[in-house]
Structures are given as C-alpha cells and as structure tokens.
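*Asks:* Dumping the structure here so I can ask a few things about it.
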Amino acid sequence: MYFFKYPIKPHSCKQPRSPANADVVGLDLPSYGYTLVYSCQPGYFLSGGSEHRVCRSDSSWTGKVPVCRVGSKSQEKTVKPVMGIPSPKINVPDDVFAPDFVWKGSYDYKGQKQPMTLTVTSFNATMGKVNVTLTDSSMEFLLSGVYKRQEARLMLLLYQMRALAHSSLSRITDETWAMDGFVSAEPEGGSYVFQGFIQGKDYGQFGLQRLGLSVRENVTLADPETSGSTNSSSVAVAILVPFFALIFAGLGFYLYKQRKTDKAQYTGCSVHENNNGQATFENPMYNTNTKAAEGKVVRFDPNLNTICTMV
1 MYFFKYPIKP HSCKQPRSPA NADVVGLDLP SYGYTLVYSC QPGYFLSGGS EHRVCRSDSS
61 WTGKVPVCRV GSKSQEKTVK PVMGIPSPKI NVPDDVFAPD FVWKGSYDYK GQKQPMTLTV
121 TSFNATMGKV NVTLTDSSME FLLSGVYKRQ EARLMLLLYQ MRALAHSSLS RITDETWAMD
181 GFVSAEPEGG SYVFQGFIQG KDYGQFGLQR LGLSVRENVT LADPETSGST NSSSVAVAIL
241 VPFFALIFAG LGFYLYKQRK TDKAQYTGCS VHENNNGQAT FENPMYNTNT KAAEGKVVRF
301 DPNLNTICTM V
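For the sequence shown, counting from 1, position 289 maps to 289 in UniProt numbering; every step adds exactly one.
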C-alpha cells in the first residue's frame with residue numbers, strides 16, 4: 001500500500017515508483033526542496049533503499065526506492081503511529097539536540113510558510129530534557145520538552161512567548177500549542193531533519209534541518225590539561241620574577257658602591273695654565289716633575305668636561 005498523508009506540493013520530478021507496504025510523506029524542506037520521507041507499515045521493516053528521496057534540479061530523485069519486508073529487526077523498537085512524522089529507522093545520536101547546533105527551517109501558518117530558527121538552550125542527555133528558543137520574523141517562543149531517543153521523537157510545549165515586532169500575540173490562543181515531530185537522518189548523511197506538525201489553530205507542518213555550529217560554539221573552551229600547565233607556569237613566574245629582581249638589585253647596589261669606592265681614592269684634580277694658554281689637569285697624587293714612566297699629564301680641550309685619568 002502506498003499513499004500520501006498530505007497533499008503533494010508542485011515539483012519538477014516525476015512520480016517515483018511506488019514501493020509496497022510503505023507510507024510516504026512529501027515535505028518542502030529548506031536547502032533541499034521537495035523531499036519524500038518513507039516509512040514501512042507496521043509488521044514490515046526497511047531492508048533496502050532510501051528513507052529519504054529529494055527532487056533534484058534535473059528532475060531526478062536522489063537515493064533508491066525503499067524496500068519493506070515482512071518482520072521486524074530485533075534491535076529496533078516498533079514505532080506506533082502518532083502525531084508528527086515517524087522516523088522508520090532509529091539511527092540518530094542521543095545528543096542530536098545538543099546546544100552546539102543551529103536548526104533552520106519553516107512552518108505553515110494559514111497556508112503560508114514562515115521561516116524560523118530553533119536554538120537549543122539546554123539539553124540533559126540523561127533525562128532527555130530539552131529547552132529551546134524558537135524565533136521567526138515577529139515572535140519568539142520558549143519551548144520545553146523531553147526527547148525520546150528510542151523513538152527519535154520530540155514534543156515541545158510552549159511556556160512563554162513575546163513579540164519581536166509590532167505584531168499581535170492573539171494568533172496563539174490555544175494553551176496546548178505544541179510542536180510534535182521526529183528526527184531522521186538526511187539522505188546523504190552528515191546532518192539531521194526534525195519534522196512534524198504544530199498543534200495549534202491555523203498552524204500546519206514544520207521542517208527543521210540541523211545546519212552547523214552556532215555562534216556561541218565558536219568560543220574556544222580551555223583544555224583542562226592546558227589550563228593546569230598554564231597555572232603552573234604562572235606560579236613559577238610569580239616566584240622567579242621577584243627572585244631575579246632581588247639579584248639584579250643587589251648587583252646594581254654592589255656596582256654603585258664599588259664605583260663610589262674607586263672615586264674616593266682620587267681627591268681631585270689641580271688646574272693650571274701652561275705657557276700656551278691651555279688648561280692643564282693633573283692628578284695631585286702624582287708628581288708632575290717625574291719621568292713619563294712614573295706619571296703622565298693629560299691635556300684636554302677646555303671646552304670638555306674635566307676628567308682625571310691614571311696610566
């Protein structure tokens with residue numbers, strides 16, 4: 001048996017061959033276009049083919065026609081038909097709703113598609129508790145629910161909302177407004193699709209695709225080992241800097257005292273003029289009448305600073 005649960009939307013691809021014992025849902029997903037989602041009927045399991053088939057721009061379909069066989073796989077639990085779109089094969093990770101990814105897509109409201117972004121604010125992997133913020137062009141919804149990993153199903157209940165623009169909040173009058181859907185893998189793998197229906201007046205189906213890391217995930221978290229080594233280095237620097245500062249201070253003081261001691265050995269310089277009118281500077285510790293080997297008079301230009309030397 002083969003049927004569509006909802007009206008088929010216009011697309012350029014021809015109707016694919018109908019698989020036996022399978023149900024199919026047609027959805028218009030963002031970034032992919034028209035997509036067929038297959039699920040085997042109760043008592044059958046998917047033994048071959050593809051769970052998803054996407055209409056390409058060249059009017060061909062991705063993937064292969066699914067094959068449903070009698071029986072059930074022992075490792076898979078039977079998923080009962082519920083509100084939303086069941087995932088026929090549970091092959092998504094338990095942390096698919098981790099707050100490291102952005103989900104983008106759209107939902108139907110009064111027959112019109114409204115773009116939306118879903119951001120997971122918190123996720124408890126043990127309990128499956130999920131808190132999300134859903135935003136569109138004019139509204140912000142705060143939702144909470146429990147992710148059932150065995151069924152890959154998530155139902156989110158509204159607990160708070162606010163207007164982002166000059167719009168009316170009266171469009172949500174039902175206190176039981178909720179999103180109910182299932183997660184399944186993309187045809188080519190590497191990402192996931194969350195799709196189902198919104199329970200509320202004038203609302204219809206929705207589709208969200210997990211795209212990539214959110215902005216806040218770009219913040220690099222410090223590695224514990226790196227942090228430990230950094231802290232150790234900081235402590236070592238804090239100890240060594242004062243130690244070396246003390247050493248250099250002592251060395252400087254020693255050189256200063258040594259210089260003062262050396263200067264104290266020389267009482268000064270005597271100044272007189274020679275016959276040429278130049279100033280002659282002599283060290284009084286030496287006899288200027290001695291031979292050149294014993295002492296030496298140093299002559300300088302008067303414009304220069306007075307310097308006493310000993311040879």
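Quick reminder that beta carbons are idealized off the backbone N, C-alpha and C, glycines included.
For the candidate residues Leu36, Tyr44, Val37, Gly26, whose alpha-carbon lies nearest to that of Ala20?
*Replies:* Numbered from 1 along the sequence shown, position 20 holds the residue referred to as residue 20. When only C-alpha atoms are compared, the closest one is Tyr44.
*Asks:* Which of the three DSSP states is assigned to Gly26 in this structure?
*Replies:* Here residue 26 corresponds to residue number 26 of the sequence shown, with the count starting at 1. Looking at Gly26 - three-state DSSP - the assignment turns out to be strand.
*Asks:* Which whole-angstrom value describes the C-beta separation of Leu154 and Val183, a residue pair presumed to lie in contact below a C-beta threshold of 8 Å?
*Replies:* Position 154 of the sequence shown, counted from the start, is the residue given in the question as residue 154. Position 183 of the sequence shown, counted from the start, is the residue given in the question as residue 183. With a Cβ gap of about 7 Å, Leu154 and Val183 count as contacting.
*Asks:* Is residue 393 buried or exposed, if buried means 16 or more other CB atoms sit within 10 Å of its CB?
*Replies:* Residue 393 cannot be examined here, being either before or after the span of the chain that is shown, 1 to 311.
*Asks:* Take Ser59 as the anchor and find which of Gly207, Arg162, Gly33, Val67 has the nearest alpha-carbon.
*Replies:* Your numbering for residue 59 matches position 59 in the sequence shown. Checking every option, the nearest Cα to that of Ser59 belongs to Gly33.
*Asks:* Arg149 and Asp94 - do their beta-carbons sit closer together than 8 Å?
*Replies:* As a first step, residue 94 must be located in the sequence shown, where it is residue number 94. As a first step, residue 149 must be located in the sequence shown, where it is residue number 149. Yes, these two residues count as a Cβ contact at 8 Å.
*Asks:* Please state whether DSSP places Gln209 in a helix, a strand or coil.
*Replies:* Stepping through the sequence shown from its first residue, residue 209 is reached at position 209. In the structure shown, Gln209 sits in a strand (DSSP, three-state: E or B).
*Asks:* Going by alpha carbons, who is nearest to Asp180 out of Pro42, Gly111, Phe197?
*Replies:* Working through the sequence shown from its first residue, we reach residue 180 at position 180. The residue with the shortest Cα to Cα distance from Asp180 is Phe197.
*Asks:* Would you mind reading off the limits of the beta strand (DSSP E) that contains Cys40?
*Replies:* As a first step, residue 40 must be located in the sequence shown, where it is residue number 40. That run of the beta strand (DSSP E) goes 33-40.
*Asks:* Can you list, in chain order, the residues of its chain with a C-beta nearer than 7 Å to that of Val132? Leave out the 5 residues immediately preceding and following it.
*Replies:* Within the sequence shown, the letter at position 132 stands for residue 132. Closer than 7 Å at Cβ, skipping near neighbours: Leu118, Thr119, Val120, Thr121, Leu143, Leu156.
*Asks:* Indicate whether Phe97 and Phe123 have their beta-carbon atoms separated by less than 8 Å.
*Replies:* Mapped onto the sequence shown, residue 97 falls at position 97. Mapped onto the sequence shown, residue 123 falls at position 123. Contact: yes.
*Asks:* Where does residue 314 fall in DSSP's three states?
*Replies:* In the structure displayed, the chain extends from 1 to 311; residue 314 sits before or after that span and is not available.
*Asks:* Could you tell me the boundaries of the beta strand (DSSP E) in which Asp180 lies?
*Replies:* Against the sequence shown, residue 180 aligns to sequence position 180. Counting along the chain, the beta strand (DSSP E) containing Asp180 begins and ends at 178-185.
*Asks:* Run the proximity test for Asn91: is its beta-carbon closer than 7 Å to any non-hydrogen atom belonging to the ligand PLP?
*Replies:* Ligands displayed in this structure: none; no statement on the ligand PLP is therefore possible.
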